[in-house]
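Residue numbers (my numbering): 361 to 645.
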């Protein structure tokens, strides 16, 4: 399931939201506004440290469909920059405020490498729904679906333990959202180290050839021939090319899958000012 939280970070509930997710070994996707990100850098770092996926939610939550192309471009670009500067990641997901979208907005999203994410279930937490009603809304989720929640309502934080317990009882789990499909996928293992595993799959990461503007990274997967590797690029880095695997995405988190060339593959990354080696985690299909 995709548990999503819009409009943060806020000084009121963000820390408690993060602590509750950690307590229940849960995760989610946050869609902060650029203005809140800029004003709350330490909380943006807390999002990232907790392993939450970070998306773009515009600069200050306007009705984007009423704005000009240049105004939309500014809203999204400034937010990308604020999130990169505060959390060190470049989003590849975008949630339009109010769920309002049109072709102009979608073209600008695509030009920035952003996938538009709406939702399957609206928790109505923004509309003063009770904790019980929010939990009940989450109970309607099915595999791969996404629920809209927000960072700021106290009732959302109060509903979270029950939501996470209910998911476990239904043999479901909170995950992240695939930038390639727009659907929720099971979380990969691993953390902030060089490699990680999920299920019976592990991946090791090795730095390889390096030039002034780019470098190679190689990956070795063990534990099976059917796998998905998530590669977490550092802020500013982007994909130039790949070999021996099918790799989707260009910034943020890349997704690699086997293409028949075995379990060893590699990527070439543009540094764009960041020389840190990316981390990776593996999930068995």
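C-beta atoms are modelled at their ideal positions from N, C-alpha and C, and glycine is treated no differently.
For residue i, count neighbouring C-beta atoms within 10 Å of its own C-beta (all shown protein chains included) and say buried if the count is 16 or more, exposed if not.
i           : result
residue 571 : exposed
residue 431 : exposed
residue 514 : exposed
residue 519 : buried
residue 502 : exposed
residue 376 : exposed
residue 402 : exposed
residue 573 : exposed
residue 428 : exposed
residue 467 : exposed
residue 423 : exposed
residue 409 : exposed
residue 446 : buried
residue 585 : exposed
residue 407 : buried
residue 541 : exposed
residue 625 : buried
residue 529 : exposed
residue 602 : buried
residue 487 : exposed
residue 627 : buried
Please work out which residues of its chain come closer than 8 Å, Cβ to Cβ, to residue i, disregarding the five sequence neighbours upstream and downstream, and give them in chain order.
i           : result
residue 569 : 575, 576
residue 606 : 616, 617, 618, 619
residue 490 : 515
residue 382 : 410
residue 378 : 406, 407, 410, 412
residue 443 : 392, 394, 397, 404, 414, 416, 449, 450, 451
residue 420 : 393, 394, 395, 435
Return the chain-ordered list of same chain residues with a C-beta closer than 7 Å to the C-beta of residue i, the five sequence neighbours on each side being excluded.
i           : result
residue 610 : 473, 598, 599
residue 632 : 596, 597, 598
residue 465 : 424, 425, 432, 456
Mind checking whether residue i and residue j have CB atoms under 8 Å apart?
i           : j           : result
residue 425 : residue 460 : yes
residue 615 : residue 517 : no
residue 637 : residue 565 : yes
residue 527 : residue 361 : yes
residue 512 : residue 415 : no
residue 498 : residue 507 : yes
residue 641 : residue 581 : no
residue 389 : residue 405 : no
residue 629 : residue 509 : no
residue 418 : residue 439 : yes
residue 583 : residue 561 : yes
Residues in its own chain within less than 6 Å of residue i by CB, not counting five upstream and five downstream?
i           : result
residue 411 : 387
residue 524 : 384, 386
residue 538 : 545
residue 588 : 617, 643
residue 543 : 504
residue 462 : 425
residue 621 : 604
residue 613 : 590, 592
At a threshold of 7 Å, does residue i count as lining the ligand SAM (C-beta to nearest heavy atom)?
i           : result
residue 504 : No copy of the ligand SAM appears in this structure; indeed no ligand is present at all.
Uninterrupted beta strand (DSSP E) stretches inside the stretch 389 to 476 (no shorter than 3 residues):
389 to 391
Inter-stretch contact at 8 Å, needing at least 3 Cβ pairs: the stretch 481 to 488 / the stretch 447 to 457:
no
Looking at C-beta atoms only, is the number of pairs between the stretch 487 to 499 and the stretch 521 to 537 that lie closer than 8 Å three or more?
Three or more Cβ pairs drawn from the stretch 487 to 499 and the stretch 521 to 537 lie within less than 8 Å of each other, which places the two stretches in contact.
Every unbroken beta strand (DSSP E) within the stretch 549 to 623, with a cutoff of 3 residues, ordered by chain:
556 to 558, 561 to 570, 574 to 582, 587 to 592, 598 to 603, 606 to 608, 613 to 617
Report yes or no: do the stretch 390 to 408 and the stretch 365 to 373 share at least 3 C-beta pairs separated by less than 8 Å?
yes
Uninterrupted beta strand (DSSP E) stretches inside the stretch 494 to 520 (no shorter than 3 residues):
Runs of beta strand (DSSP E) with 3 or more residues, each lying fully within the stretch 494 to 520, are found at 506 to 510, listed in chain order.
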